[in-house]
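K.L.:
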Amino acid sequence: MNSNNDHNLHRVQGHKKDDAHSHLPSDPELRVKAIETLLLSKGLIDSKTLDELIDTYENRIGPQNGAKVIAKAWVDENYKKRLLDDATSAIRELSYQGRQGENMVVVENTADIHNVVVCTLCSCYPWPVLGIPPTWYKSDEYRSRTVREPRKVLSEFGLNIDSKIEIKVWDSTAELRYLVLPIRPDGTENMNEEQLAELVTRNSMIGTGLPENSK
Amino acid sequence: MSRLHDMGGRYGDGPIPVPRNKNNQVENSEPTFKHEWHAKAWAITLAAGALGEWNLDVSRHYRECLPPKDYMNYSYYEKWLAGLTNLLVDKKLISIEELKKFISLVQEDNSTEDLKENVKLDERTWLAKDVQKTLGWGGPSLRKTDITPLHKIGDSVITTKYNPNENVIGGHTRLPSYAMGCEGKIFSYNGTHVFPDKNAHGIGENPLPLYTVEFKASELWGLAAENGNDKIYLDLWEPYLKIKA
Numbered sequence: 028m029n030s031n032n033d034h035n036l037h038r039v040q041g042h043k044k045d046d047a048h049s050h051l052p053s054d055p056e057l058r059v060k061a062i063e064t065l066l067l068s069k070g071l072i073d074s075k076t077l078d079e080l081i082d083t084y085e086n087r088i089g090p091q092n093g094a095k096v097i098a099k100a101w102v103d104e105n106y107k108k109r110l111l112d113d114a115t116s117a118i119r120e121l122s123y124q125g126r127q128g129e130n131m132v133v134v135e136n137t138a139d140i141h142n143v144v145v146c147t148l149c150s151c152y153p154w155p156v157l158g159i160p161p162t163w164y165k166s167d168e169y170r171s172r173t174v175r176e177p178r179k180v181l182s183e184f185g186l187n188i189d190s191k192i193e194i195k196v197w198d199s200t201a202e203l204r205y206l207v208l209p210i211r212p213d214g215t216e217n218m219n220e221e222q223l224a225e226l227v228t229r230n231s232m233i234g235t236g237l238p239e240n241s242k
Numbered sequence: 026m027s028r029l030h031d032m033g034g035r036y037g038d039g040p041i042p043v044p045r046n047k048n049n050q051v052e053n054s055e056p057t058f059k060h061e062w063h064a065k066a067w068a069i070t071l072a073a074g075a076l077g078e079w080n081l082d083v084s085r086h087y088r089e090c091l092p093p094k095d096y097m098n099y100s101y102y103e104k105w106l107a108g109l110t111n112l113l114v115d116k117k118l119i120s121i122e123e124l125k126k127f128i129s130l131v132q133e134d135n136s137t138e139d140l141k142e143n144v145k146l147d148e149r150t151w152l153a154k155d156v157q158k159t160l161g162w163g164g165p166s167l168r169k170t171d172i173t174p175l176h177k178i179g180d181s182v183i184t185t186k187y188n189p190n191e192n193v194i195g196g197h198t199r200l201p202s203y204a205m206g207c208e209g210k211i212f213s214y215n216g217t218h219v220f221p222d223k224n225a226h227g228i229g230e231n232p233l234p235l236y237t238v239e240f241k242a243s244e245l246w247g248l249a250a251e252n253g254n255d256k257i258y259l260d261l262w263e264p265y266l267k268i269k270a
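Protein chains in written order, with my numbering: chain B, 28 to 242; chain X, 26 to 270.
1) Are the segment 116–123 of chain B and the segment 154–168 of chain B in contact at 8 Å, needing three or more beta carbon pairs?
2) Report yes or no: is there a C-beta of chain B within less than 7 Å of the C-beta of Pro-165 of chain X?
3) How far does the beta strand (DSSP E) with Met-131 of chain B in it extend, from its first residue to its last?
4) Name, please, each residue of chain B whose Cβ falls closer than 8 Å to the Cβ of Ile-178 of chain X.
5) Would you decide whether Leu-296 of chain X is buried or exposed? Buried here means 16 or more other CB atoms lie within 10 Å of its CB.
6) Between the Cα of Asp-213 of chain B and those of B:Ala-138, B:Thr-76, B:Ala-94, spot the shortest distance and give me the residue it belongs to.
7) Do you know offhand how far Leu-206 of chain B's Cα is from Val-134 of chain B's?
8) Does any C-beta atom of chain X lie closer than 7 Å to the C-beta of Pro-55 of chain B?
9) Whole-angstrom Cβ separation of Ser-84 of chain X and Gly-77 of chain X, contact assumed at under 8 Å?
10) Would you please verify whether the beta carbon of Thr-111 of chain X is less than 7 Å from any beta carbon of chain B?
11) How many Å lie between Phe-212 of chain X and Ile-194 of chain B at the Cα?
12) In the segment 28–43 of chain X, which residues sit with their C-beta less than 7 Å from some C-beta in chain B, listed in chain order?
13) How should Ala-270 of chain X be labelled, buried or exposed, when 16 other C-beta atoms within 10 angstroms of its C-beta is the threshold for buried?
14) Between which two residues does the beta strand (DSSP E) harbouring Pro-234 of chain X extend?
15) What residue does the beta strand (DSSP E) around Ser-181 of chain X start on, and which one ends it?
16) For Asp-155 of chain X, which of B:Thr-76, B:Thr-115, B:Leu-51, B:Asn-217 has the nearest alpha-carbon?
17) What is the rounded straight-line gap between the Cα of Asn-224 of chain X and the Cα of Asn-231 of chain X?
18) From B:Asn-105, B:Lys-60, B:Lys-107, B:His-141, pick the residue whose C-alpha is nearest to that of Thr-110 of chain X; which is it?
19) Mind checking which residues open and close the alpha helix (DSSP H) that includes Glu-61 of chain X?
20) Rounded C-beta distance between Leu-152 of chain X and Asp-73 of chain B? I'm assuming under 8 Å.
21) When DSSP labels each residue in this structure, what does Ser-190 of chain B get in the three-state scheme?
22) Using C-beta distances below 8 Å, list every residue in its chain close to Asn-192 of chain X, excluding the 5 sequence neighbours before and after it, in chain order.
23) For the alpha helix (DSSP H) holding Leu-226 of chain B, just list the boundary residues, first then last.
24) Can you list, in chain order, the stretches of the beta strand (DSSP E) that have 3 or more residues and sit fully within the segment 72–115 of chain B?
25) Skipping 5 residues on each side, what residues in its chain have a beta carbon closer than 6 Å to that of Phe-220 of chain X?
26) Who are the Cβ neighbours of Gly-216 of chain X in its own chain at under 7 Å, not counting the five residues just before and after it?
27) Span of the beta strand (DSSP E) holding Gly-229 of chain X?
28) Indicate whether at least one CB of chain X lies closer than 7 Å to the CB of Glu-104 of chain B.
29) Which residues share a DSSP beta bridge with Lys-267 of chain X?
30) Taking 7 Å as the cut-off, decide whether the C-beta atoms of Gly-236 of chain B and Thr-228 of chain B are in contact.
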């Protein structure tokens, strides 16, 4: 069944002249409208579902979730240990789970190590803790260059990493989703979890930035 | 050989489009969706996927199979829409004739409101009341199997070359070309996961051992590496890896 001799070898078809997508109008707004109207008229999608999805990721799921995870790890050593051992379960303790975060991995920045996350093949990103990826994360520039010249890429975000610090780039090629645990900024000893969460930027959890007040 | 989406390491791309505020500081927050049609394209793709006619690997492969000229000309959500359109037609949820008719309707700015009213929903259609439950459940790729992984943490391995998909020539794969034929070390073992090389072609989930493999920058880029000791980690399925002789 799993043999890969010629009898069982499939071949991907070349592209047909009449690919459906080639009929789409050039204005993307019209493209969306045509497909949306068609699917609605066939009862294959429900407009209330679209509204609920968009509202969820515009207002309820985003980097504010990840910031709470990071702040908790900064104040609670046991939580941090659980987070590094089994990120999926530890993140679920805060009720963040599900789509595009089914298998979470947290990687820790230290004095010697700086982590940065990319998806060179598409745009894999941990939705439950960071939401929908920003435009730059999905750009050809970020996808092509981060694995080859991470230091130059980070410098474009204003991050200049000392040559003695090792950079670890995580290319999300499977269904594991990565979150960076940044270093807690100096001078925050008296801050509580809620105040600390305010310092955690989205980019600091991808590795292209640092938390606020830490530079 | 690979396809255009497989762009890791490619030369020629310019600066990262990092958004900055008035004080030239990096802007950390931007709208979730820049245009309403982005939000719609994204949500329609998720809702159509929930009909259950294809899986995540199939939808990724459809985007990757767009003709190179279209892939490069399209913006991000245009790729999503084009891949979705081809899927909807191939899976016979819509026909090209219907598509052409609705394109004419919206282009001529005819009112389409009556077409959307009093519609009986398909029994597969994702309902708003189920959205949170379905999102919270997600689509895990981890599967319990009795497969014993071939490699141990710390083992040296070499990635396959040329055509990692052993079942479908030119088919979907998650081994990027920049890491083909390279030596790495098993960093961690992540259990058996649905194998995209088969799942993207409707030939079963075939869960297989998934490893995180560590590569030295010097191994992947040679003298061009910025710092030879930097590391790059990829999540790779067992068929992509050979034991170092």
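Even glycine gets a Cβ: it sits at the ideal position worked out from N, Cα and C.
P.N.:
Taking the geometry as given:
1) yes
2) If you number the second sequence from 1, residue 165 of chain X lands on position 140. At least one chain B Cβ lies under 7 Å of Pro-165 of chain X.
3) As a first step, residue 131 of chain B is located in the first sequence; it is residue number 104 there, counting from the start. Here the beta strand (DSSP E) through Met-131 of chain B covers 130–135.
4) As a working mapping, residue 178 of chain X is identified with position 153 in the second sequence. Correct list: empty, because the minimum Cβ distance to chain B is about 15 Å.
5) As shown, chain X starts at 26 and ends at 270. That puts residue 296 of chain X outside it, with no answer to give.
6) For the purposes of this step, residue 213 of chain B is identified with residue 186 of the first sequence, where counting begins at 1. Nearest C-alpha to Asp-213 of chain B: B:Ala-138.
7) For this step, residue 206 of chain B is matched to residue 179 along the first sequence. For this step, residue 134 of chain B is matched to residue 107 along the first sequence. Using only the alpha carbons, I get a separation of about 6 Å.
8) Residue mapping note: residue 55 of chain B aligns to position 28 of the first sequence, counting from 1. Answer yes: the Cβ-Cβ gap between Pro-55 of chain B and chain X drops below 7 Å somewhere.
9) Stepping through the second sequence from its first residue, residue 84 of chain X is reached at position 59. Stepping through the second sequence from its first residue, residue 77 of chain X is reached at position 52. 12 Å between Cβ atoms; not a contact.
10) The residue you call residue 111 of chain X lines up with position 86 of the second sequence. Note that residue 111 of chain X corresponds to Asn in the displayed sequence, not to Thr. Output row for Asn-111 of chain X: interface = yes.
11) Within the second sequence, residue 212 of chain X is the residue found at index 187, counting from 1. Within the first sequence, residue 194 of chain B is the residue found at index 167, counting from 1. Roughly 16 Å separates the two Cα atoms.
12) His-30, Asp-31, Met-32, Gly-33, Gly-34, Arg-35, Asp-38, Gly-39, Pro-40, Ile-41, Pro-42, Val-43
13) For the purposes of this step, residue 270 of chain X is taken as the residue at position 245 of the second sequence. Its Cβ having fewer than 16 others within 10 Å, Ala-270 of chain X is exposed.
14) Position 209 of the second sequence, counting from 1, holds the residue named residue 234 of chain X. Start and end: 233–241.
15) Taking the first residue of the second sequence as position 1, residue 181 of chain X is located at position 156. It spans 181–184 - the beta strand (DSSP E) in which Ser-181 of chain X sits, taken as one unbroken run.
16) Against the second sequence, residue 155 of chain X aligns to sequence position 130. For the residues B:Thr-76, B:Thr-115, B:Leu-51, B:Asn-217, the minimum Cα distance to Asp-155 of chain X belongs to B:Thr-76.
17) Walking along the second sequence from the start, residue 224 of chain X turns up at place 199. Walking along the second sequence from the start, residue 231 of chain X turns up at place 206. Spanning the two alpha carbons is a distance of roughly 7 Å.
18) Within the second sequence, the letter at position 85 stands for residue 110 of chain X. Closest option to Thr-110 of chain X, Cα to Cα, is B:Lys-60.
19) Counting from 1 along the second sequence, the entry for residue 61 of chain X is found at position 36. Here the alpha helix (DSSP H) through Glu-61 of chain X covers 61–74.
20) Mapped onto the second sequence, residue 152 of chain X falls at position 127. Mapped onto the first sequence, residue 73 of chain B falls at position 46. Leu-152 of chain X to Asp-73 of chain B, Cβ: 6 Å. Contact.
21) Within the first sequence, residue 190 of chain B is the residue found at index 163, counting from 1. Ser-190 of chain B: coil per DSSP, three-state reduction.
22) Along the second sequence, one-based indexing puts residue 192 of chain X at 167. Within the same chain, Asn-192 of chain X has close Cβ partners Asp-222, Lys-223, His-226, Ile-228.
23) In the first sequence, counting from the first residue as 1, residue 226 of chain B sits at position 199. Leu-226 of chain B -> alpha helix (DSSP H) spans 220–226.
24) none
25) As a working note, residue 220 of chain X is residue 195 in the second sequence. These residues qualify, in order along the chain: Asn-231, Leu-233, Trp-262.
26) Locating residue 216 of chain X in the second sequence gives position 191, counting from the first residue. Closer than 7 Å at the Cβ level, and outside the excluded window around Gly-216 of chain X, lie Leu-167, Leu-235.
27) For the purposes of this step, residue 229 of chain X is taken as residue 204 along the second sequence, with counting starting at 1. Unbroken run through Gly-229 of chain X: none, as it is neither H nor E.
28) As a position in the first sequence, residue 104 of chain B is number 77, starting the count at 1. No, because no Cβ of chain X sits closer than 7 Å to the Cβ of Glu-104 of chain B.
29) Residue 267 of chain X sits at position 242 when you count from the first residue of the second sequence. DSSP lists X:Ile-183 as partners of Lys-267 of chain X.
30) The residue given as residue 236 of chain B occupies position 209 in the first sequence. The residue given as residue 228 of chain B occupies position 201 in the first sequence. Contact flag set, yes.
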